[in-house]
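Below is one structure, written out as C-alpha cells; comments come after it.
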Amino acid sequence: MAVKVKCKGTVFAQDLAGVAYVTMAQVIDIDLPDMEMETFESDTLNNANAGIEHSPTGRTEGGSFSANVFYDPADASHTEWLGYLSTTGLLSAMIVKCQVTFADTGTSTWTFTCAGISAGGTVALNDGLKMSISGKLDGIPVFA
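Note that the sequence shown ends on residue 641 in the working numbering; no numbers are left out.
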C-alpha cells in the first residue's frame, strides 16, 4: 500500500557558497519543479486522424521551483540568498545548488541546480514579514 508522506519536517537547503548545504530557515511552503518532456509536432499531411501527432525530442525541461519563508533580515540563510542577487561578477557564472529533503522514513531528496534565482517580499497588516524565492533549474533534479 502506498504511504502518504507528511510535509511537516521537509527541509529546503541551499549551497550558495559551494561548501555544504545550509537549511533555509522558516520555510512555509515549497513548490517543487514542474518538469516537462519536450516534444515537437510530428503530424503529416496524410494523417487520417483528427488529432495532431507529437513526438518526444529526448530532452526534459527542468522547470522552476519556488518557496515562501517568514523573512528574517538577520538570518544568514536569507541574507546569503539575497546577497547573490547583487554581487557583481558572480551573476553570469553562478549556479545555485538546492536540495529538498522530504520527511519520509528514508529521507528522500530532490537535488538540483539553478541557473538563475529570484527573491521578493510581502508586507501585510495581518501577517508576518515574508520573502518569496524561486529558481530556474539547470537540467533536472536528481531523485534519491
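Cβ atoms here follow ideal geometry from the backbone N, Cα and C, with glycine treated the same way.
Bear in mind the structure is a predicted one, so any value in this text is a computation, not a measurement.
Open item on the list: I need the DSSP call for Thr576, collapsed to helix, strand or coil.
Closed with: helix
TODO: Identify, in the order they occur along the chain, each residue of the same chain with its Cβ nearer than 7 Å to the Cβ of Met532, setting aside the five sequence neighbours on each side.
DONE: Thr557, Glu558, Gly559, Gly560 and Ile637
Open item on the list: DSSP has Pro642 in a bridge; who is on the other side?
Closed with: A question about residue 642 goes unanswered here, because the residues of the chain that appear run from 498 up to 641.
Open item on the list: In the DSSP output, which residue or residues are listed as bridge partners for Met628?
Closed with: In DSSP, Met628 forms a bridge with Val566 and Gly618.
Task: Whole-number beta carbon distance between Leu622 and Tyr568, since they are thought to touch under 8 Å - done: Not really, about 16 Å apart at Cβ, beyond 8 Å.
TODO: Just confirm the distance between the C-beta atoms of Pro530 and Phe562, as a whole number of angstroms; I'd bet it's less than 8 Å.
DONE: Yes, they are in contact, since the Cβ atoms of Pro530 and Phe562 sit about 5 Å apart, within 8 Å.
Task: Bridge partner(s) assigned by DSSP for Ile527 - done: Ala564
- [ ] Give the single residue among Ile549, Asn546, Thr608 and Gly555 whose Cα lies nearest to the Cα of Glu535.
- [x] Gly555
Open item on the list: Rounded to whole angstroms, what is the Cα-Cα separation between Thr604 and Ala641?
Closed with: 9 Å
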